[in-house]
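Under the working numbering, think of the first position of the sequence shown as 153, with each following residue one higher. Below you'll find the structure, written out as structure tokens, and then a few comments.
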Amino acid sequence: MSHNDCIFCKIAKGEIPSATIFENADFKVILDVAPATKGHALIIPKEHFKDIFELDSDTAAKLFTLAAAVARELKAELKCDGLNVLQNNGEVAGQTVFHFHMHLIPRYNDDGLNITLGSKESDPEELQKLAERIRKRI
Ligand code: AMP
Ligand code: ZN
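Given below as structure tokens:
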């Protein structure tokens, strides 16, 4: 399914130009137009899924195989020191384009980028209870 007003659907179909680094039947991998660091890439399924909650399992299964391959080639080409995989779902999580995509963000020792997670205290008993609640569903 394709969404007429979706920018990543248009990119997937080649209707909007992009700096494409890989393409197959299922995915297009492009460089982010406003990169967090040099080589910041986006893996975009050609089919329109809004977010991870809508992603079909076949696409999900293929996604990380591709992500690992692209990550290795980014590292080889750019000589980055590390790489973050980031994937935002929902406005509250920072999603701005509502067509599923995965960020691959090469990291360099001196890049000054800060995407460190905060951390809260936890109670071991609460963690166990919560784990059980979720485990029942999976
Ligand atoms: P997110 O905040 O996870 O939804 O990320 C959306 C990303 O898409 C941002 O990093 C944007 O810079 C990027 N982006 C938006 N429009 C384009 C475009 N036309 N070509 C390449 N990247 C884009
Ligand atoms: Zn779309």
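Ideal Cβ placement from N, Cα and C applies to all residues, glycine included. Just so we're clear, the structure is a prediction, and the values are computed from it rather than from any experiment.
Cα-Cα separation between residue i and residue j, rounded to whole angstroms
| i | j | result |
| --- | --- | --- |
| Leu230 | Glu175 | 20 Å |
| Lys272 | Ile257 | 25 Å |
| Thr248 | Lys227 | 26 Å |
| Lys214 | Ala221 | 11 Å |
| Leu265 | Arg259 | 8 Å |
| Leu207 | Glu278 | 30 Å |
| Pro169 | Leu183 | 11 Å |
| Ala171 | Gln280 | 46 Å |
| Cys161 | Asp203 | 14 Å |
| Ser274 | Ser209 | 32 Å |
Distance cut-off 7 Å: residue i Cβ against heavy atoms of the ligand ZN
| i | result |
| --- | --- |
| Phe160 | yes |
| His200 | yes |
| His253 | no |
| His155 | yes |
Test item: CB-CB of residue i and residue j under 8 Å
| i | j | result |
| --- | --- | --- |
| Ile196 | Ile163 | yes |
| Ile173 | Val185 | no |
| Phe205 | Asn241 | yes |
| Asp178 | Thr211 | yes |
| Cys232 | Gly191 | yes |
| Leu269 | His255 | no |
| Thr189 | Asp263 | yes |
Residue i CB to nearest heavy atom of the ligand AMP below 7 Å
| i | result |
| --- | --- |
| Asp263 | no |
| Thr248 | yes |
| Ala228 | no |
| Val237 | no |
| Asp203 | no |
| Ile257 | no |
| Leu218 | no |
| Ile168 | yes |
| Leu269 | no |
| Leu194 | yes |
Residue-level contact to chain D via CB, residue i, 8 Å cutoff
| i | result |
| --- | --- |
| His155 | You won't find chain D in this structure, because it holds only one protein chain. |
Proximity to residue i [Cα-Cα], best of the options
| i | options | result |
| --- | --- | --- |
| Ala193 | Leu282, Ala283 and Arg224 | Arg224 |
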